[in-house]
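In our numbering, the protein residues as written are 396 to 761.
Quick reminder that beta carbons are idealized off the backbone N, C-alpha and C, glycines included.
Report on the structure given below.
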Amino acid sequence: MKGKYIYGIAAWPIAAPDGIKGIGGCYPVRVVAHDGLCCLTSDWDGPELSTLPREQLVRCLLAHQQVIERLMADCTVLPMRFGTVLGAEEEAVSLLQQGSTLFANALSSAQGKVELELAATWDIEQALREVSAEDDIARARAAIASQGLPVMEQKVRLGQAVKACLDSRRETYRSQVMDLLKPISVAVVSNALLSDSMVLNLAFLVRRDVQGEFEGRVRSLDALFHGKLSFRLVGPMPLYSFSAIEVRPLAPGELDSAKRALQLDDNISAAEVRMAYRRMAAAEIQRMAAGGKVSSPGMPALRQAADVLLRYCRAHEATDKACTETTRGELIFSIDVRSASGEEIEAERFGASASASAEQGIRAHV
């Protein structure tokens, strides 16, 4: 397939990205600009990225990250979801037109901020020895043994008790880290723990002017925990966890189909979409509770229709003003931008974040 690979969105004008090669290493990164915004792109002439062998996919993901990291040295970049390929330059211009308000607001929110990812690990064997010696586990072991359960079930229950104790320790350590770092952070995302040896995996949104203080506080963690935990700080990084963009071209008629599913007219607003979804979902729930037959389109289809329309409205209007379909035949995009504001965010809202780990990044983006 031939097309334009999209790395991210930035404000225009920016310095031309001279000498930066895109994924695949064949084509240079260039800029497609429109009305104060630009797409950072390179040509792509290859198979669907999702069909590539895993090793090649990892190389492409790393190239995607490296391009964005080089560009962010000179400007604020909203990173695009890995694997976003548009058909032609005109489609990139159309994307900038349709998402102009959303992109401009996100760029303003992301200005002067970076992402710093902090992971902490412990010696899991040592942690298990310490937990096994605790009074709570000793009492649990005695209680389980007194119940006369089969040996295998005793082991399962004891394992559950040990896991609960380890999780409690993790939460205590995590709270101590958050008490130190959260006050100088704009927002925090809790990412999944990738192994038993991992204690925490956090992404922090930090203003550049306090980055040095943040890193100093991270260095103080070794003394705070008396060497029980090993900390690894990665960054500064693009705002993968806080301002990443996901773009999906809507199939012909998909927007109209979603409107029909929620019984909406051509002129819609985000408020109208939410109201229609609640009304139809409530009716569907009442019907199922009464033992009635599930109607068409059904709850999954209602949720999908609402998601398509809300993304469309967010992309085309920052407010709840009416959103009308673009000119017939023009490519229409479903656009979602993660918010760079707020307190603590669960990663599950967006899927796992794109981290420095290629393994984690592939799960997040493909």
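For residue i, three-class secondary structure by DSSP
i	result
L466	helix
T838	This structure cannot speak to residue 838, because the chain is shown only from 396 to 761.
Y402	strand
M675	helix
E428	Sequence inspection shows Ala at residue 428; the Glu mentioned does not correspond to that position. DSSP places A428 in strand when its eight states are reduced to three.
P448	coil
G693	coil
G482	coil
F498	helix
Q493	helix
G607	helix
L657	coil
E738	The predicted position of E738 is uncertain, since its pLDDT is 46 and thus under 50; no value can be drawn from it.
R476	coil
G648	coil
Status (buried if at least 16 other CB within 10 Å, exposed otherwise) for residue i
i	result
P474	buried
L619	exposed
I404	buried
I640	buried
K558	exposed
D413	exposed
I401	buried
Q506	exposed
K397	exposed
G630	buried
I418	buried
Beta bridge counterpart(s) of residue i as assigned by DSSP
i	result
L600	E510, A582
T516	M593, S625
S615	Answer is none; S615 lacks a bridge partner.
S729	R643
D438	K399
P423	K416
M632	E510
C433	A405, A428
Short CB-CB distance (under 9 Å) between residue i and chain D
i	result
Q555	In the structure shown, chain D does not exist; there is a single protein chain.
Inset, instruction - Would you check if the stretch 488-505 and the stretch 417-433 touch, i.e. whether three or more CB-CB distances between them fall below 8 Å? - result: yes
Inset, instruction - Inspect the CB distances between the stretch 450-469 and the stretch 605-617 and report whether three or more fall short of 8 Å. - result: no
Legend entry - Three-pair Cβ contact test at 8 Å for the stretch 560-569 versus the stretch 592-609: yes
Inset, instruction - Flag this pair as touching only if the stretch 630-650 and the stretch 472-486 have three or more C-beta atom pairs under 8 Å; answer yes or no. - result: yes
Inset, instruction - Would you check if there are 3 or more beta carbon pairs closer than 8 Å linking the stretch 691-709 to the stretch 668-682? - result: yes
Inset, instruction - Report yes or no: do three or more beta-carbon pairs, one from the stretch 501-519 and one from the stretch 621-638, lie closer than 8 Å? - result: yes
Legend entry - the stretch 604-614 contacting the stretch 571-590, beta-carbon criterion three pairs below 8 Å: yes
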